[in-house]
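Trainee: The structure is given below, and queries will be raised subsequently.
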Amino acid sequence: KGTIAAGHPSPDSVKHGEAYKIMTGAPLTAGADAVIQSEWTRRSEDNWVLALSPVKPGQNVRRQGQDIHRGDKVLEAGLVVKAPIVGILATIAREDVLVYRKPRVAIVATGDELIEPGEKLELGKIRNSNSYALAAAALATGADPVILPPAPDTKEAISQRFSQASTADIILSSGGVSVGDFDWVKNVLSEEGSLDLWRVNMKPGKPVTFGTLHNRPFFGLPGNPVSALVTFELFVRPVIRVMLSVHRWQRTILTLPLYEPFLEIHDRRHYVRSRLVQEGEKLYVWPYKKQDSAIQTSWIGAEALMVVPENSGPYKAGDLLPVMLIPADV
Numbered sequence: 096k097g098t099i100a101a102g103h104p105s106p107d108s109v110k111h112g113e114a115y116k117i118m119t120g121a122p123l124t125a126g127a128d129a130v131i132q133s134e135w136t137r138r139s140e141d142n143w144v145l146a147l148s149p150v151k152p153g154q155n156v157r158r159q160g161q162d163i164h165r166g167d168k169v170l171e172a173g174l175v176v177k178a179p180i181v182g183i184l185a186t187i188a189r190e191d192v193l194v195y196r197k198p199r200v201a202i203v204a205t206g207d208e209l210i211e212p213g214e215k216l217e218l219g220k221i222r223n224s225n226s227y228a229l230a231a232a233a234l235a236t237g238a239d240p241v242i243l244p245p246a247p248d249t250k251e252a253i254s255q256r257f258s259q260a261s262t263a264d265i266i267l268s269s270g271g272v273s274v275g276d277f278d279w280v281k282n283v284l285s286e287e288g289s290l291d292l293w294r295v296n297m298k299p300g301k302p303v304t305f306g307t308l309h310n311r312p313f314f315g316l317p318g319n320p321v322s323a324l325v326t327f328e329l330f331v332r333p334v335i336r337v338m339l340s341v342h343r344w345q346r347t348i349l350t351l352p353l354y355e356p357f358l359e360i361h362d363r364r365h366y367v368r369s370r371l372v373q374e375g376e377k378l379y380v381w382p383y384k385k386q387d388s389a390i391q392t393s394w395i396g397a398e399a400l401m402v403v404p405e406n407s408g409p410y411k412a413g414d415l416l417p418v419m420l421i422p423a424d425v
């Protein structure tokens, strides 16, 4: 009888023996209860529409309210507002929604040896990579990172920089937490706040430090680049997610067979950067050869941290170990 276009009113009705051509998204006219795709029809010489396959009531029809009914609870607190949720909010004409403020994370690297990426590299100096890597990790976790200039290796300079960081919700430092003569972070934390934790029996990242400074949670991460990122993943990321009130976040931990032997034995729990390997229907974990905490390139392409218990091993190919997946945005 004619064509029904999307976004336009439908004709009054359709009777037995009649059909309309209808576009996707157009309203179904009264009297019709099914739609057949045009490629499954043929028009006869006398202008009849012939169906080339059976047609059932309700076929290719999306009814009003089939997704969301009046009174339905559409969203709940603690969800991250991503693309699907934005689409639903637009669908129900909700232009504004209350969200939790992103926590601000102040990032302070410490060390006389640090220079910024744009500065000329001189003997004895290294580029401040940690601040930018940690800022990227914090941003990907949902926080608002603020990078402060590196603090020289003096107690006074570190104290001053931490004071500047106190406007943030979390204070994050890298370096200066071990037992060197110029590692002042723990001293400042003990004198101006509270030192609640120092050193965890893990590799990499043993000297990780936690406490409270200026009434803010404080994380002192090791200076080695990989140690900083591993300890961020294990200790800082969960805190940021809690501050964002993300209720459904949890780590994905699998138990997978080793792709090849792992012979190292340590007296600390070892978080081993690894790849995942698929062979047929079986998934394996394949640890990288280079595990030194200064080897940043071993993090590139790493999909998981294989967790090797302390004082265990060696392991042969096929042995099962827990594997913590690294979020794709890190």
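Residue numbers (my numbering): 96 to 425. By construction, the Cβ of each residue, glycine as well, lies at the ideal position given by its N, Cα and C atoms. The structure presented is a predicted model; accordingly, all values stated were derived computationally and were not measured.
Could you round the C-beta distance between Met-338 and Pro-198 to whole angstroms and report it? I think they count as a contact, below 8 Å.
Mentor: About 4 Å separates the two Cβ atoms, so the contact holds.
Trainee: List the endpoints of the continuous beta strand (DSSP E) containing Lys-377.
Mentor: Start and end: 377-382.
Trainee: Tell me the DSSP secondary structure of Thr-307 in three-state form.
Mentor: Strand.
Trainee: Between Leu-292 and the rest of its own chain, which residues show a CB-CB distance below 6 Å, the 5 nearest in sequence each way excluded?
Mentor: Closer than 6 Å at Cβ, skipping near neighbours: Phe-305.
Trainee: Thr-392 by DSSP, collapsed to three states: which one?
Mentor: The answer is helix: DSSP assigns Thr-392 an H, G or I state.
Trainee: Take every Cβ of the region 346-355, pair it with every Cβ of the region 368-383, and state whether three or more of those distances are shorter than 8 Å.
Mentor: Result yes; three or more Cβ-Cβ pairs closer than 8 Å.
Trainee: Using a Cβ cut-off of 8 Å (strictly closer), state whether Val-283 contacts chain C.
Mentor: The chain inventory of the structure shown lacks chain C, comprising one protein chain alone.
Trainee: Does Ser-139 come out as helix, strand or coil in the three-state DSSP assignment?
Mentor: DSSP places Ser-139 in coil when its eight states are reduced to three.
Trainee: Out of Ala-246, Ala-146, Val-272 and Tyr-115, state which residue places its alpha-carbon closest to the alpha-carbon of Glu-134.
Mentor: Of the candidates Ala-246, Ala-146, Val-272 and Tyr-115, the one whose C-alpha sits nearest the C-alpha of Glu-134 is Ala-146.
Trainee: Since I believe Pro-302 is in contact with Pro-317 (beta carbons under 8 Å), could you give me their beta-carbon distance rounded to a whole number of angstroms?
Mentor: Confirmed, Cβ separation roughly 5 Å.
Trainee: Can you name the residues that DSSP bridges to Leu-316?
Mentor: The partner list for Leu-316 (beta bridge, DSSP) reads Ser-269.
Trainee: To the nearest angstrom, how far is the alpha carbon of Asn-223 from that of Arg-256?
Mentor: The alpha-carbon atoms of Asn-223 and Arg-256 are separated by roughly 16 Å.
Trainee: Please state if the CB of Pro-417 and the CB of Ile-335 are separated by a distance shorter than 8 Å.
Mentor: Result no, Cβ atoms of Ile-335 and Pro-417 do not sit closer than 8 Å.
Trainee: Determine, using beta carbons only, whether Pro-244 and Gly-206 come nearer to each other than 8 Å.
Mentor: In this structure, Gly-206 does not lie closer than 8 Å to Pro-244 by Cβ.
Trainee: Which same chain residues end up closer than 6 Å to His-365 when comparing Cβ atoms and leaving out the 5 residues on each side of it in sequence?
Mentor: So the qualifying residues of the chain are Lys-298 and Val-403.
Trainee: To the nearest angstrom, how far is the alpha carbon of Val-272 from that of Thr-392?
Mentor: When rounded, the distance between both Cα atoms is 24 Å.
Trainee: What is the DSSP secondary structure of Leu-353, reduced to helix, strand or coil?
Mentor: Leu-353 falls in the strand class under three-state DSSP.
Trainee: Do Val-280 and Gly-261 come within 8 Å of each other at the CB atom, strictly closer than that value?
Mentor: The question names Gly, but residue 261 in the sequence shown is Ser. Contact: no.
Trainee: Output the distance between the C-alpha atoms of Ile-117 and Asn-142, rounded to the nearest integer angstrom.
Mentor: C-alpha separation (whole angstroms): 17 Å.
Trainee: Go ahead and label Tyr-455 buried or exposed: buried means 16 or more other beta carbons lie within 10 angstroms of its beta carbon, across all protein chains shown.
Mentor: Not covered by the structure: residue 455. The range shown for the chain is 96 to 425.
Trainee: Restricting to runs no shorter than 3 residues, where is the beta strand (DSSP E) found entirely within the region 143-231?
Mentor: Complete beta strand (DSSP E) runs here, min 3: 144-146 and 199-204.
Trainee: Among Ser-139, Ile-253 and Ala-204, which has the Cα closest to the Cα of Leu-284?
Mentor: With distances taken between Cα atoms, Leu-284 lies closest to Ile-253.
Trainee: Could you tell me which residues DSSP puts in a beta bridge with Ile-242?
Mentor: BP columns for Ile-242 point to Ile-202.
Trainee: Apart from the five residues on each side of it in sequence, which residues of its chain come closer than 7 Å, Cβ to Cβ, to Val-130?
Mentor: These residues qualify, in order along the chain: Ile-117, Gln-154, Asn-155 and Val-156.
Trainee: Report yes if the C-beta distance between Glu-328 and Ile-421 is below 8 Å; otherwise report no.
Mentor: A contact, by the Cβ cut-off of 8 Å.
Trainee: On a CA-only basis, which of Phe-357, Asn-225 and Arg-196 is nearest Ile-210? Give me that one, please.
Mentor: With distances taken between Cα atoms, Ile-210 lies closest to Asn-225.
Trainee: Is Ala-263 closer than 8 Å to Val-194 when the C-beta atoms are compared?
Mentor: Contact: no.
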